[in-house]
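Q: Going left to right, the sequence shown walks through residues 64 to 322 as this note's numbering numbers them.
Quick reminder that beta carbons are idealized off the backbone N, C-alpha and C, glycines included.
Handing you a structure now.
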Amino acid sequence: SPTVGVVSCFYKDTDHVEILGLLGGYDFLWADAEHSSASPDHIASQIVAAERRGMPTLVRIGYGYQHIIGHAQKYLVAGAQGIILPQCESKSDVERIVEAVKFPPLGKRGLAGERWNNWGLGGEGLTLAERARVSNENSIVAVIIENQAGIDNLSEILSVDEIDFVFVAPTDLSSNMGYPGDIRHPEVIAKIEVIGERIREANKSAGMLALSVQDYSYWRKRGFQVMCCVAHTMFIDGAKGIMEGISDYENSHTNLLTI
């Protein structure tokens, strides 16, 4: 069955996060710290709001941080259930994010009494050691393929056991291919389909944007399992749809009044 997430750059607002959780059907929040100016504090507020409505949060961190473990830790401490690494280009990129997300012996994540484990106060009958084990079993490691370098090294990237899903970023990929923003260009679509096949052949889940119901059905038919809508696109589509309806009504009634 598919997993449906929502990418949000509305980092100063938590109401929309709770609304998404209340609507049901959305499996996780993709809190975006790359394509926004969100601070760890902003993301922490989104994590708490999502938790309140029973929705886990994955955080896409920024690209190019020299100390990726320390950077990812800020979101994991706040309660993020996983990290999404953008611009993944090599096996070593994946290994570094695994080190950041997983506790020893799988990784190098630091262990202390923090929000995600009730500050070491226990609860749910689990010791701190047991919580670390459960975290290693359930925390999410995801990467994004956005350029030719990532495609060239895809086999090595997919060889890392701890990867849970590989997301294909159509907008950056279209730019890398010389068709910036044209995410439905035939060559871009064809490239994404090939990448998706390779991901599934490695027994990993493939992820893709769903900016419309048509996008969703197209990629689901091609075996993509992690489908992500985008909060601001949902807002724009809803606002446009209402305004178009208002304009149609007013235009039709204006014409009647002038006859």
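1) Just verifying my parser: in three-state terms, what is the DSSP assignment at V223?
2) Straight-line CA distance for M290 to G176?
3) Return the CA-CA distance between E323 and V231, expressed in angstroms with no decimal places.
4) From which residue to which residue does the alpha helix (DSSP H) around L85 run?
5) Along the beta strand (DSSP E) that carries G259, what are the first and last residues, could you check?
6) Can L217 and R263 be called in contact, C-beta distance under 8 Å?
7) Got a sec? Which residues, its chain only, sit under 7 Å from T234 by beta carbon, not counting five neighbours each side?
8) Roughly how many angstroms separate the alpha carbons of K303 and A253, rounded to a whole number?
9) Going by C-alpha distance, which of V276, Q277, L85 and V122 is nearest P103?
10) With a threshold of 16 other CB atoms inside 10 Å of the CB of L92, please say whether the residue is buried or exposed.
11) What does DSSP give as the partner residue(s) for D90 in the beta ladder?
12) Can you name, in chain order, every residue of its own chain whose Cβ lies under 7 Å from the Cβ of R285, other than the five neighbours on each side?
13) Using CA atoms only, rank isn't needed, just tell me which of I160, I82 and R283 is closest to M118.
14) What does DSSP give as the partner residues of T317 in its beta bridges?
15) Measuring alpha carbon to alpha carbon, tell me which of P65, S100 and S108 ends up nearest V79.
16) Which two residues bound the contiguous beta strand (DSSP E) that contains T66?
17) Counting along the chain, where does the beta strand (DSSP E) carrying G270 start and finish?
18) How many angstroms separate the CA atom of M306 from the CA atom of F287?
19) Between A265 and L236, which are expected to be in contact by the criterion C-beta below 8 Å, what is the C-beta distance as a whole number of angstroms?
20) In chain order, what are the residue ranges of uninterrupted beta strand (DSSP E) at least 3 long that sit wholly in the stretch 111-184?
21) Let me confirm a value: A192 is counted as buried when at least 16 other C-beta atoms fall within 10 Å, else exposed. Which label applies?
22) Any heavy atom of the ligand SAH inside 7 Å of the beta-carbon of A112?
A: On the basis of the data shown:
1) When DSSP states are grouped into helix, strand and coil, V223 belongs to the coil group.
2) Rounded to the nearest angstrom, the two C-alpha atoms are 34 Å apart.
3) Lying outside 64 to 322, the shown extent of the chain, residue 323 is not represented and no answer is given.
4) Per DSSP, L85 belongs to the alpha helix (DSSP H) from D78 to L86.
5) Judged by DSSP secondary structure, G259 falls outside any beta strand (DSSP E) and instead within the alpha helix (DSSP H) spanning P249 to E264.
6) Between L217 and R263, the C-beta gap is not smaller than 8 Å, which leaves the two residues out of contact.
7) Once the five neighbours on either side are set aside, the close Cβ partners of T234 are G244 and I246.
8) Between the C-alpha atoms of K303 and A253 there is a straight-line separation of about 30 Å.
9) Distance from the Cα of P103 is smallest, within the candidate group V276, Q277, L85 and V122, for V122.
10) So L92 counts as buried.
11) In the DSSP output, where bridge partners are listed per residue, D90 has none listed.
12) The answer, listed in chain order, is E256 and G259.
13) Of the candidates I160, I82 and R283, the one whose C-alpha sits nearest the C-alpha of M118 is I82.
14) Partner(s): none; T317 has no beta bridge.
15) The displayed chain sequence assigns His, not Val, to residue 79. Of the residues P65, S100 and S108, the one whose Cα lies closest to the Cα of H79 is S108.
16) Boundaries of the beta strand (DSSP E) harbouring T66: T66 to S71, taken from the DSSP string.
17) From DSSP, the beta strand (DSSP E) with G270 extends over S268 to L272.
18) C-alpha separation (whole angstroms): 33 Å.
19) Going by Cβ atoms, the distance from A265 to L236 rounds to 19 Å, so no, they are not a contact pair.
20) Runs of beta strand (DSSP E) with 3 or more residues, each lying fully within the stretch 111-184, are found at 120-123 and 145-148, listed in chain order.
21) Answer is exposed; the Cβ neighbour count stays below 16.
22) The ligand SAH is not among the ligands present in this structure, which contains no ligands whatsoever.
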